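**Q**
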Amino acid sequence: MKIVVKFGGSSLASAEQFKKVADIIHADPHRRFVVPSAPGKRFDGDTKVTDMLYGCYDLAEAGKDFDGALADIKARYDEIIEGLGLDLTLDKEFETIHEQFRLKAGRNYAASRGEYLNGIVLANYLGFEFVDAATVIRFDDAGNFEADRTDLILSSRLKDVEYAVVPGFYGAQDDGVVTTFSRGGSDITGSIVAKAVHADVYENWTDVSGFLVADPRIIKNPEAIEAITYKELRELSYMGASVLHEDAIFPVRKEGIPINIRNTNKPDDLGTWIVESTCRKPKYTITGIAGKKGFASINIEKDMMNSEIGFGRKVLQVFEDNNLSFEHMPSGVDTMTVFVHQSEFEHKEQQVISGIHRAVHPDLLDLESGLALIAVVGRGMRDTRGVASKVFDALAKANINIKMIDQGSSELNIIIGVKDRRDKCCYRVQDKDSGSTTEKSFGEVER
Ligand code: ASP
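Going by the numbering used here, the sequence shown opens with residue 6, and the numbers climb by one from there.
Rendered as structure tokens:
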């Protein structure tokens, strides 16, 4: 049995946290491959090492003095090394980093040092082999991750290694140029390593006890989801539930390796299992709810639209020509609405409007901005009656007007479009324990 364990930044933010991590790893000898993030926040208001590195590098690139900023970063690591009583110094590594910053080695290189250095410290502390991700995770010249090549290189590199630490978040191009995934990308590295070593489980250790059924900033103490399928997770992550990087499921999904989200601070909690499929009956019909703001809709009307073959294709062609992806496209007999991300759409709106006029000559076209989407996701909804009715009833009781509804026949999710009216409306916070609800205006919590 092989387990790949990834620890997030908050799990490795201080010597205290490192000790918890080591206890978890030593508790099971199958935990053989460890993927660390860079040290995260130790307390509210603290700065993640990755952000410190970006800031420091920006000074270097602007030709300003960055010695103090780099010394602050080194102090973070020295504090951990000292707290763990290790016989280790990162002086040499910091000399190299200083030199590379001076030579303007790039922001990717700068950010990657957070994981690189943390990997060295963790490997030293655990007595595991350190495998620099730059030697095993491959990107092409354009900076795109090369999955197949990486899998070959990484699996042969780790074939005979019993215990190793592979830092997350970065890799390199063939010419050695260090490249990173997007923020939170250590989750992806963990998944890549799990695939390469044919792990039985990919454990992703963080600071929450799994995926929660709802946003804890809105619902107090929401329950953790016991088991969720890859598909459900995609829907919820896409809509803003952010425990795991969106792309982290792809490598393990190909191998059918389950992901177990765990809490470093509560290692006895079972966390959430993310699986390909399960015959375990979901505890609730709805697995989770998530929401996202910042959408706009383009509403198109034309008499006899229904009989005009190719109408939809012509409209969508305009979006494609403007390099815009669309989110949802509900339609009526003579109406069609296209939902897009407002930020992507805003600066192209006039081209899109004129493009649609030229393509389909609508009777009416109008735009609406400031929309939000709510996703109600659950494999248990399939063939279950009454779910939509309960959801809509809840919205009506909260005095929220529904602008759009989208549910595919897979019945995995119901997407609801609403106006994002934080200023005008309020929402209810429900206390799970007592069941009582209180009303709050949107200004009351940071969203
Ligand atoms: N340290 C990187 C970040 O803060 C990557 C990660 O933590 O996964 O985004």
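All C-beta atoms in this analysis are idealised placements derived from N, C-alpha and C, irrespective of residue type, glycine included. Treat the numbers as computed from the prediction; the structure is a model and nothing was measured.
Closest to LEU217 by C-alpha separation, out of LYS11, ILE266 and ALA199, would be which residue?
**A** On the sequence shown, position 212 is the one that residue 217 refers to. Nearest C-alpha to LEU217: ILE266.
**Q** Hey, how far is the Cα of TYR62 from the Cα of ILE29?
**A** Walking along the sequence shown from the start, residue 62 turns up at place 57. Walking along the sequence shown from the start, residue 29 turns up at place 24. Distance between the alpha carbons of TYR62 and ILE29 is about 34 Å.
**Q** Among the residues of its own chain, which have a CB less than 6 Å from the CB of ALA253, if the five just before and after it don't count?
**A** Position 248 of the sequence shown holds residue 253. ASP192, ILE193 and SER196.
**Q** What do you reckon, are the CB atoms on ILE125 and VAL141 nearer than 7 Å?
**A** Within the sequence shown, residue 125 is the residue found at index 120, counting from 1. Within the sequence shown, residue 141 is the residue found at index 136, counting from 1. Going by C-beta atoms, ILE125 is not nearer than 7 Å to VAL141.
**Q** Between PHE144 and the ligand ASP, is there a pair consisting of the residue's CB and a ligand heavy atom that are separated by less than 6 Å?
**A** Position 139 of the sequence shown, counted from the first residue, corresponds to residue 144. It does not: the Cβ of PHE144 is nowhere closer than 6 Å to a heavy atom of the ligand ASP.
**Q** Sort out for me which residues DSSP pairs TYR175 with in a bridge.
**A** On the sequence shown, position 170 is the one that residue 175 refers to. Bridge partners of TYR175: THR185.
**Q** Please report the residue range of the alpha helix (DSSP H) in which HIS362 lies.
**A** Your numbering for residue 362 matches position 357 in the sequence shown. Element bounds for HIS362: 354-365.
**Q** Could you please give me the residues that DSSP links to VAL423 through a beta bridge?
**A** Locating residue 423 in the sequence shown gives position 418, where the first residue counts as 1. Per DSSP, ALA377 and ILE407.
**Q** Are there 16 or more other CB atoms within 10 angstroms of the CB of PRO34, so buried, or fewer, so exposed?
**A** For the purposes of this step, residue 34 is identified with residue 29 of the sequence shown, where counting begins at 1. The residue is exposed, with fewer than 16 neighbouring Cβ atoms inside 10 Å.
**Q** Hey, how far is the Cα of ASN404 from the Cα of PRO44?
**A** On the sequence shown, position 399 is the one that residue 404 refers to. On the sequence shown, position 39 is the one that residue 44 refers to. Looking at the two C-alpha atoms, the distance is approximately 43 Å.
**Q** Under three-state DSSP, which class holds ILE279?
**A** Mapped onto the sequence shown, residue 279 falls at position 274. Strand, per DSSP.
**Q** If I measure Cβ to Cβ from GLN22 and keep anything under 6 Å in the same chain, skipping five residues before and after, which residues do I get?
**A** As a first step, residue 22 is located in the sequence shown; it is residue number 17 there, counting from the start. The residues are SER16.
**Q** Taking DSSP's pairing of strands, which residues face MET341 in a bridge?
**A** The count along the sequence shown starts at 1 and reaches residue 341 at position 336. BP columns for MET341 point to ILE305 and SER336.
**Q** Count the other CB atoms, across all protein chains shown, that sit within 10 Å of the CB of GLU120; report buried if there are 16 or more and exposed otherwise.
**A** As a position in the sequence shown, residue 120 is number 115, starting the count at 1. Burial call: buried.
**Q** Work out the CA separation of PRO263 and VAL9 for me, nearest whole Å.
**A** Along the sequence shown, read from residue 1 onward, the residue named residue 9 stands at position 4. Along the sequence shown, read from residue 1 onward, the residue named residue 263 stands at position 258. C-alpha separation (whole angstroms): 11 Å.
**Q** Are the CB atoms of THR292 and GLU237 within a distance shorter than 7 Å?
**A** Taking the first residue of the sequence shown as 1, we reach residue 237 at position 232. Taking the first residue of the sequence shown as 1, we reach residue 292 at position 287. Yes; because the gap between Cβ atoms is below 7 Å, this pair is in contact.
**Q** Return helix, strand or coil for ARG37, following the three-state DSSP convention.
**A** Numbered from 1 along the sequence shown, position 32 holds the residue referred to as residue 37. Looking at ARG37 - three-state DSSP - the assignment turns out to be strand.
**Q** Among PHE324, VAL392 and VAL345, which has the Cα closest to the Cα of ALA364?
**A** Translated into positions along the sequence shown, residue 364 becomes position 359. The shortest Cα separation from ALA364 among PHE324, VAL392 and VAL345 belongs to PHE324.
**Q** If PRO41 sits next to ASN123, beta carbons under 8 Å apart, how far is it from one beta carbon to the other, in whole angstroms?
**A** Your numbering for residue 41 matches position 36 in the sequence shown. Your numbering for residue 123 matches position 118 in the sequence shown. That pair is a contact at about 5 Å.
**Q** Does the distance from the C-beta atom of THR340 to that of GLU306 stay below 7 Å?
**A** The sequence position of residue 340 within the sequence shown is 335, counting from 1. The sequence position of residue 306 within the sequence shown is 301, counting from 1. Going by C-beta atoms, THR340 is nearer than 7 Å to GLU306.
**Q** Near SER282, which residues of its chain fall below 8 Å by C-beta distance, leaving aside the five closest residues on each side in sequence?
**A** Start at 1 with the first residue of the sequence shown, and residue 282 comes out as number 277. These residues qualify, in order along the chain: THR234.
**Q** At which residues does the alpha helix (DSSP H) containing TYR168 begin and terminate?
**A** Here residue 168 corresponds to residue number 163 of the sequence shown, with the count starting at 1. Careful: TYR168 lies outside any alpha helix (DSSP H) and carries neither H nor E.
**Q** Answer yes or no: do GLY385 and THR290 have a C-beta to C-beta separation smaller than 7 Å?
**A** Stepping through the sequence shown from its first residue, residue 385 is reached at position 380. Stepping through the sequence shown from its first residue, residue 290 is reached at position 285. Cβ distance < 7 Å, so GLY385 and THR290 count as in contact.
**Q** Which residues in the same chain as GLN178 place their Cβ atom closer than 8 Å to its Cβ, once the five residues preceding and following it in sequence are excluded?
**A** Along the sequence shown, one-based indexing puts residue 178 at 173. Hits under 8 Å: ARG143, PHE144, ASP145, ASP146, GLY148 and THR184.
**Q** What does DSSP give as the partner residues of ASN327 in its beta bridges?
**A** If you number the sequence shown from 1, residue 327 lands on position 322. The partner list for ASN327 (beta bridge, DSSP) is empty, contrary to what the question assumes.
**Q** Quick check: what's the CA-CA separation for GLY317 versus ALA199?
**A** By one-based count along the sequence shown, residue 317 stands at place 312. By one-based count along the sequence shown, residue 199 stands at place 194. Cα-Cα distance, rounded: 42 Å.
**Q** DSSP three-state call for ARG267: helix, strand or coil?
**A** As a first step, residue 267 is located in the sequence shown; it is residue number 262 there, counting from the start. It is a strand residue.
**Q** Using 8 Å for Cβ pairs, my map puts THR55 next to ALA116. What's the rounded Cβ distance?
**A** For this step, residue 55 is matched to residue 50 along the sequence shown. For this step, residue 116 is matched to residue 111 along the sequence shown. About 5 Å separates the two Cβ atoms, so the contact holds.
**Q** Taking the alpha-carbon of ILE419 as reference, which of ASN304, MET244, THR342 and LEU275 has the nearest alpha-carbon?
**A** Walking along the sequence shown from the start, residue 419 turns up at place 414. The candidate whose alpha carbon is nearest that of ILE419 is MET244.
**Q** Between which two residues does the alpha helix (DSSP H) harbouring ASN113 extend?
**A** Here the question's residue 113 lines up with position 108 in the sequence shown. That run of the alpha helix (DSSP H) goes 112-131.
**Q** Sorted by chain position, which residues of the same chain lie with C-beta nearer than 6 Å to ILE102's C-beta, five sequence neighbours on each side aside?
**A** Stepping through the sequence shown from its first residue, residue 102 is reached at position 97. Result list for ILE102: ARG118, in chain order.
**Q** Can you give me the start and stop residues for the beta strand (DSSP E) that PHE48 sits inside?
**A** Sequence index remark: in the sequence shown, residue 48 carries index 43 (1-based). Per DSSP, PHE48 belongs to no beta strand (DSSP E) and is neither H nor E.
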